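For the sequence shown, the working numbering gives the first residue as 713, with consecutive numbering after it.
For glycine and all other residues, C-beta sits at the position ideal for the given N, C-alpha and C.
If you're wondering where the values come from, they're calculated on a predicted model, not measured in any experiment.
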Amino acid sequence: MEAAELAQWAADRADVAVSLAVLVGLVLLGEGVRRILGRVLAHSGLEAHAAELMSTLQLCCCTHELRVLSDVGRIERRLAHTLTYVAAVVHALTFRGAIGNPACTLVHVYRRRLVLGAALRLIVCQFAAAAAARTIMRFAWSLGLSGMHVHHQARGFQCTSPIHAPLTATAVELVCAFAVQTAMTHTRNVEDKYRVHAVAAVITTAVYAGGPSTGAVFNPALAFSTQFRCSGPSLAEYCLVYWLGPMLGEAPGVIHIKVTKQYRKQDKEQWDHKIH
């Protein structure tokens, strides 16, 4: 390996190390603030909103850093997917019941776990956190903690959308959302220590398959934070792909589970009838 190549390799590894430190810092800071707000707002009725705000902020900030690491740092896809898997596990373990996804929040309304008014307030928190994450991460990058951050700032924090065919991209987001929602539903009765890894594996697979087409976001708030300011598609196309796509993707999963439960109930009733 020549001296120039060795120096570039060392610089790339340093960029990865800094990004990992940033990710760890974001998670620790988010967890600390969540705990403090949980105690301060205990019995006030605002605990859920604070958890939603901080958890979505953590999700969006970490995703911003991972995207820059992938797009600007150009790390290997294998490492990118490994970090995606680890991040999914960490978010699941630290969210403390927060949803962090407007599409999933509406699913809770359909299943009567949330009333519409409460769900809308949570969605406002999610989008507020998504907007705040953009500002926070721009400030973090402007500190120039790594060569990659300096390069990203020099480019004006620009990003390019992976979308080339909006309808195809919408289908990709739909399928990804369906896969993740189905995995989450079918693992509800599995112990959390196993469930988080199963769902994280599905998320990573979805990112592997759909990432080149859309970034595989399947979360309207996260897309609003990480995708909507990128050059390329129009606002209407962004809304079609990243908002309508995931919403439509959640619906088949919910309907599938409902139909399955009805069939199981009918089979049980028929079996009980035969016995008696």
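Nearest to Ala840 by alpha-carbon distance, out of Gly744, Leu771 and Val911, is Leu771. A direct Cα-to-Cα measurement between Leu758 and Gly812 gives close to 16 Å.
Residue burial is scored here from C-beta neighbours: Gln838 has at least 16 other C-beta atoms within 10 angstroms and is therefore classed as buried. Thr872 sits in a strand when the DSSP states are folded into three classes. Between the alpha carbons of Ala726 and Thr817 lies a distance of about 39 Å. Per DSSP, the continuous alpha helix (DSSP H) segment holding Thr768 begins and ends at Glu759 to Asp783. If you look at Gln939, you'll find it isn't in any alpha helix (DSSP H); DSSP assigns it neither H nor E.
Each residue's CA atom was taken as its position, placing Ala883 and Leu952 some 10 Å apart. Judged by their CB atoms, Gln939 and Tyr954 are nearer to each other than the 8 Å cut-off. In the DSSP assignment, Ser943 is bridged to Thr872. Only buried fits Thr916, as 16 or more other CB atoms lie within 10 angstroms of its CB. Here the alpha carbon of Leu740 sits roughly 31 Å from the alpha carbon of Glu962. DSSP, read as helix, strand or coil, puts Val929 in coil. Secondary structure note for Glu885: its alpha helix (DSSP H) is the uninterrupted segment Pro878 to His898.
Gly868 and Gly944 have their alpha carbons spaced roughly 16 Å apart.
Within the same chain, Cβ atoms closer than 8 Å to the Cβ of Glu764 are found at Ala810, Ile811, Gly812, Leu834, Cys837, Gln838 and Ala841, the five residues on either side in sequence being excluded. Ala810 carries a coil assignment under DSSP once its states are collapsed to helix, strand and coil. With contact defined as three or more Cβ pairs closer than 8 Å, the segment 794–801 and the segment 898–916 are in contact.
In the three-state scheme derived from DSSP, where H, G and I count as helix and E and B as strand, Arg824 is classed as coil. Annotation for Glu885: Gly922, Thr926, Ala928, Val929, Phe930, Val953, Tyr954, Gly957, Pro958 and Gly961 place their beta carbon closer than 8 Å to its own, counting only its chain and skipping 5 residues before and after. For the pair Ala754 and Ser937, the Cα-to-Cα distance works out to about 29 Å. Taking the CA atoms as reference points, Glu788 sits about 20 Å from Val736. Nearest to Val745 by C-alpha distance, out of Thr796, Met766 and Thr872, is Met766.
DSSP, read as helix, strand or coil, puts Arg751 in helix. For Leu855, the CB contacts under 8 Å within the same chain, skipping 5 residues up- and downstream, are His861 in chain order. Per DSSP, reduced to three states, the secondary structure at Leu857 is coil, with no helix or strand assignment. For the pair Ala910 and Ala895, the CB atoms are nearer than the 8 Å cut-off. The Cβ atoms of Thr847 and Gly742 do not sit closer than 8 Å to each other. Rounded to whole angstroms, Val728 and Gly785 show a C-alpha spacing of 8 Å. Around the beta-carbon of Ile875, 16 or more other beta-carbon atoms lie within 10 Å, marking it buried.
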